[in-house]
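What follows is a single structure, written as structure tokens, with notes after it.
Numbering (our numbering), first residue to last: 9 to 184.
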């Protein structure tokens, strides 16, 4: 008896209510957290578009990084410099080894452009363990995501930390 050829099911069309887009964005943000926690710095930088910027303002009232103090305001070139500094064998700030754990949630798509670009807000909590000390960072992300044939790329990642003004023993070495 001949077997019936199995028909490959077609993928569902995009849901009118945006569930497919919501899922894709959540998976992108979860993947971003995974590469950060895995210290896969180049993979993290590669999530940004060529004109992408990572920005952590000193206060939530800031509307630009141009000419104002910021905790971070880096394009891909500056991110690469940071990565090389952190990976350097003589980087004393990386001894002893440390680790992070990111939780991302409350993902909301605020704006969708006709070309598929998105503005997305989410919340995060990052725990950092270094030596015998634990630090917690929490706040919100604002992502401007560019839709490309290879998936989303970050045009802007703004990080507003709830505890940005808190005193710390040492500075942030890498991205939150």
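We put the CB at the ideal spot given by N, CA and C, even for glycine.
Note that this is a predicted model, so its numbers are computed, not measured.
What does the alpha-carbon distance come out to for the pair residue 142 and residue 28?
By 1-based counting over the chain shown, the position of residue 142 is 134. By 1-based counting over the chain shown, the position of residue 28 is 20. C-alpha separation (whole angstroms): 37 Å.
Could you check whether the Cβ of residue 33 sits closer than 7 Å to any heavy atom belonging to the ligand COA?
Only the bare structure without any ligand can be found here, which leaves the ligand COA out of the picture.
Where does residue 55 fall in DSSP's three states?
Start at 1 with the first residue of the chain shown, and residue 55 comes out as number 47. For residue 55, the secondary structure class from DSSP, reduced to helix, strand or coil, is coil.
Give the DSSP-derived three-state secondary structure of residue 23 in the structure shown.
For the purposes of this step, residue 23 is taken as residue 15 along the chain shown, with counting starting at 1. Reliability of the predicted coordinates at residue 23 is poor, the pLDDT of 41 falling under 50, and the value obtained from them is presented with this limitation in mind. Residue 23 falls in the coil class under three-state DSSP.
With DSSP run on the structure shown, which of helix, strand or coil describes residue 15?
Here residue 15 refers to the residue found at position 7 when the chain shown is read from its first residue. No answer about residue 15 holds up, because its pLDDT of 42 lies below 50 and its placement is not dependable.
On the DSSP bridge list, what partners appear for residue 150?
Mapped onto the chain shown, residue 150 falls at position 142. Residue 150 pairs with 129, 166.
Contact with chain B by residue 62, beta-carbon distance below 8 Å:
Of the protein chains in the structure, only one exists, and it is not chain B.
Over the uninterrupted beta strand (DSSP E) stretch that includes residue 114, give me the two end residues.
Reading the chain shown from its first residue, position 106 is the one you call residue 114. Residue 114 -> beta strand (DSSP E) spans 106-120.
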